[in-house]
Amino acid sequence: MFVVVPVRGGRLPAGGAEVASEYGQGGILLIGEGTQAAAQELAGLANEVSCAEVGKFRPDAWSTALHGHIGEEIIVLPGCPDGRDLAPRIAAASGCAYFGSVAEIKNQDGELEIQMARWGGLAMELVRTSGHCVASVMPGLHSPVSVDGPLQITAVELHLGNGNDVAFIEEREPDAATMDLAEAKRIFGGGAGLLDESVFGQLGNIAAELGASMGATRVVTDRGWVGHSRQIGTTGVVVDPDLYIAFGVSGAVQHTSGLGQPDHVISVNTDPHCPMMQMSDLAIVCDANAVVAELEQRLGRNAGAA
Ligand SMILES: Cc1cc2nc3c(=O)[nH]c(=O)nc-3n(C[C@H](O)[C@H](O)[C@H](O)COP(=O)(O)OP(=O)(O)OC[C@H]3O[C@@H](n4cnc5c(N)ncnc54)[C@H](O)[C@@H]3O)c2cc1C
């Protein structure tokens, strides 16, 4: 299998290190802007990485060039936004099958077994295939495995044609309120301990004020208070934030198994013994609704004073 990781601004995207470590035995190619810097993130996870420094994201031109460069391989990309954009285009350029929302790829007796999430993760589908195909793998499901030895980085030349890409005008930081949760570095999660939909409006406001994204438990998304794309967990989005603050979340395993390994976890809950409080660095025993209201008021005041 051959791994392709699209790079912006010298950083690996969500899931980039995972696919490189798990599926990069046949080669790893970083493509984009700042690829050599991004390759350093793979030190200790891979021994050989190729870098194609081709500038800003141009999925159409890249996919044609990649088709010529890689040939008849099984090509694996991370399921980050750029990976999901690029992967089907490589498949179309190569005239082969594309598999999206992939959880796992196994080589079984010369055949590939590909497991994919369907219906927002409520069902899993297993497909067997052989030969050339392209897959994008959901971030957060694999832990990168360490390797011994140094990392060798090789620059490769990719000649891009014109392609039918839109013109690049400006790159903006993603809006924390709407960005893909899997990419968010700060998440404020709300659970059934929050009283109603309006408290989630308040939680969204304080998250936005502090550059964080709002997530929720399944109890909350089932009630329709928050969209399913904000649900964290085994049947929602698998996230990997640096900071997770849980408001009224009990910490059921179906929720916490989708949390990745945050550097810092804070929990606000009336039950000091619930699992979410047990796994927190800072456990605050009190009414989460009152904390949300107080934070909103204080941040509102500060914003007004600024
Ligand atoms: C097949 C399957 C898949 C599932 N997938 C997911 C998934 O992807 N994601 C997910 O989240 N869940 C999932 N679940 C559901 C999961 O098992 C839990 O039911 C759910 O995570 C609990 O959500 P919760 O913490 O919001 O609610 P609860 O478990 O009801 O917890 C509410 C918490 O709020 C606290 N609380 C109450 N009042 C207050 C207050 N005033 N202030 C502060 N704290 C308060 C309580 O002490 C409690 O800890 C799945 C379940 C199944 C069976």
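Residue numbers (this note's numbering): 6 to 311. Using N, Cα and C, we set each Cβ at its ideal position, and we do this for glycine too.
* Asked: So is the beta-carbon of T317 under 8 Å away from any non-hydrogen atom of ligand 1?
  -> With the chain covering 6 to 311 only, the question about residue 317 has no answer from this structure.
* Can you round the beta-carbon distance between L34 and S55 to whole angstroms, since I take them to be within the 8 Å contact cut? -> The count along the sequence shown starts at 1 and reaches residue 34 at position 29. The count along the sequence shown starts at 1 and reaches residue 55 at position 50. About 5 Å separates the two Cβ atoms, so the contact holds.
* Is I33 near ligand 1, with its Cβ less than 8 Å from a heavy atom? -> As a working note, residue 33 is residue 28 in the sequence shown. No - ligand 1 has no heavy atom lying nearer than 8 Å to the Cβ of I33.
* Could you spell out the range, first to last residue, of the alpha helix (DSSP H) harbouring V225? => Counting from one through the sequence shown, the residue named residue 225 turns up at place 220. Start and end: 223 to 227.
* Would you say the beta carbon of D229 comes nearer than 8 Å to a heavy atom of ligand 1? -> Walking along the sequence shown from the start, residue 229 turns up at place 224. It should be pointed out that residue 229 corresponds to Gly in this sequence rather than to Asp. For ligand 1, not one heavy atom lies less than 8 Å from the Cβ of G229.
* In angstroms, rounded to a whole number, what distance separates the CA positions of S99 and C279? -> By 1-based counting over the sequence shown, the position of residue 99 is 94. By 1-based counting over the sequence shown, the position of residue 279 is 274. Distance between the alpha carbons of S99 and C279: 51 Å.
* Asked: Span of the alpha helix (DSSP H) holding G194?
  -> For the purposes of this step, residue 194 is taken as the residue at position 189 of the sequence shown. DSSP places G194 in no alpha helix (DSSP H) but in the uninterrupted beta strand (DSSP E) bounded by 191 to 195.
* To do: Identify the continuous alpha helix (DSSP H) that holds T261 and give its terminal residues.
  => Your numbering for residue 261 matches position 256 in the sequence shown. Where T261 is concerned, the enclosing alpha helix (DSSP H) stretches over 258 to 261.
* **Segments assigned alpha helix (DSSP H), at least 4 residues, entirely inside the region 115 to 199** => none
* Within the same chain, show all residues whose beta-carbon is closer than 7 Å to that of D170, passing over the 5 residues directly before and after it, in chain order. => Numbered from 1 along the sequence shown, position 165 holds the residue referred to as residue 170. If we look at D170 and ignore the five residues flanking it on each side, its Cβ neighbours are R63, P64, D65, A66.
* Asked: Roughly how far, in whole angstroms, is the beta-carbon of Y28 from the beta-carbon of V8, given that I think they are within contact range, below 8 Å?
  -> Translated into the one-based positions of the sequence shown, residue 28 becomes position 23. Translated into the one-based positions of the sequence shown, residue 8 becomes position 3. Confirmed, Cβ separation roughly 5 Å.
* Quick one, are the C-beta atoms of L215 and L47 less than 9 Å apart? -> By one-based count along the sequence shown, residue 215 stands at place 210. By one-based count along the sequence shown, residue 47 stands at place 42. No, these two residues do not count as a Cβ contact at 9 Å.
* Select from V152, I79, W124 the residue whose C-alpha is nearest the C-alpha of E116. => Residue numbering aside, residue 116 sits at position 111 when the sequence shown is read from its first letter. Comparing Cα-Cα distances from E116 to each of V152, I79, W124, the minimum goes to I79.
* Asked: Based on Cα-Cα distance, which residue from V225, S272, E38 lies nearest to L163?
  -> Along the sequence shown, read from residue 1 onward, the residue named residue 163 stands at position 158. Nearest option by C-alpha distance: E38.
* Asked: Does the beta-carbon of M129 have 16 or more other beta-carbons within 10 angstroms, so that it is buried, or is it exposed?
  -> Taking the sequence shown and counting its residues from 1, the one referred to as residue 129 is at position 124. Exposed is the call here.
* To do: State the Cα-Cα distance for the pair K61 and D87, rounded to the nearest angstrom.
  => In the sequence shown, the residue the question calls residue 61 occupies position 56. In the sequence shown, the residue the question calls residue 87 occupies position 82. Their backbone Cα atoms lie some 11 Å apart in a straight line.
* Regarding H164 and ligand 1, is the C-beta to nearest heavy atom distance less than 8 Å? -> What you label residue 164 is simply residue 159 of the sequence shown in a count that begins at 1. Outside the cutoff, so no.
* To do: Take A251 and list the residues in its own chain whose beta-carbon comes closer than 6 Å to its own, dropping the five residues that flank it on each side.
  => In the sequence shown, residue 251 corresponds to position 246, counting from 1. Answer for A251: G194, S272, M281, listed in chain order.
* Asked: Should D276 be listed as close to ligand 1, given that the test is whether its C-beta is under 8 Å from any heavy atom?
  -> The residue labelled residue 276 in the question sits at position 271 within the sequence shown. Taking the Cβ of D276 as the reference point, at least one heavy atom of ligand 1 falls within a distance shorter than 8 Å.
* **For N112: DSSP bridge partner residues** => Here residue 112 corresponds to residue number 107 of the sequence shown, with the count starting at 1. Bridge partners of N112: L117.
* Asked: Hey, would you say C313 sits closer than 9 Å to A19, going by beta carbons?
  -> Residue 313 lies beyond the residue range present for the chain, which begins at 6 and ends at 311; the question has no answer from this structure.
* Give every residue of the same chain whose Cβ lies closer than 6 Å to the Cβ of K190, excluding the five residues on either side of it in the sequence, and list them in chain order. => As a first step, residue 190 is located in the sequence shown; it is residue number 185 there, counting from the start. If we look at K190 and ignore the five residues flanking it on each side, its Cβ neighbours are P246, D247.
* Cβ-based burial, S26 [other Cβ within 10 Å; buried from 16] -> By 1-based counting over the sequence shown, the position of residue 26 is 21. With 16 or more Cβ atoms within 10 Å of its Cβ, S26 is classed as buried.
* **Strand pairing of Y28, partner residues [DSSP]** => Position 23 of the sequence shown, counting from 1, holds the residue named residue 28. According to DSSP, Y28 bridges with nothing at all.
* Asked: If we call anything under 9 Å between Cβ atoms a contact, is L82 one with V142?
  -> On the sequence shown, residue 82 is found 77 positions in, with the first residue counted as 1. On the sequence shown, residue 142 is found 137 positions in, with the first residue counted as 1. It is a contact, given that the beta carbons lie within the stated cut-off.
* Collapsed DSSP secondary structure at E53 in the structure displayed -> The count along the sequence shown starts at 1 and reaches residue 53 at position 48. Strand at E53.
* Can you tell me which of the three DSSP states R94 falls into? => Indexing the sequence shown from 1 puts residue 94 at position 89. Looking at R94 - three-state DSSP - the assignment turns out to be helix.
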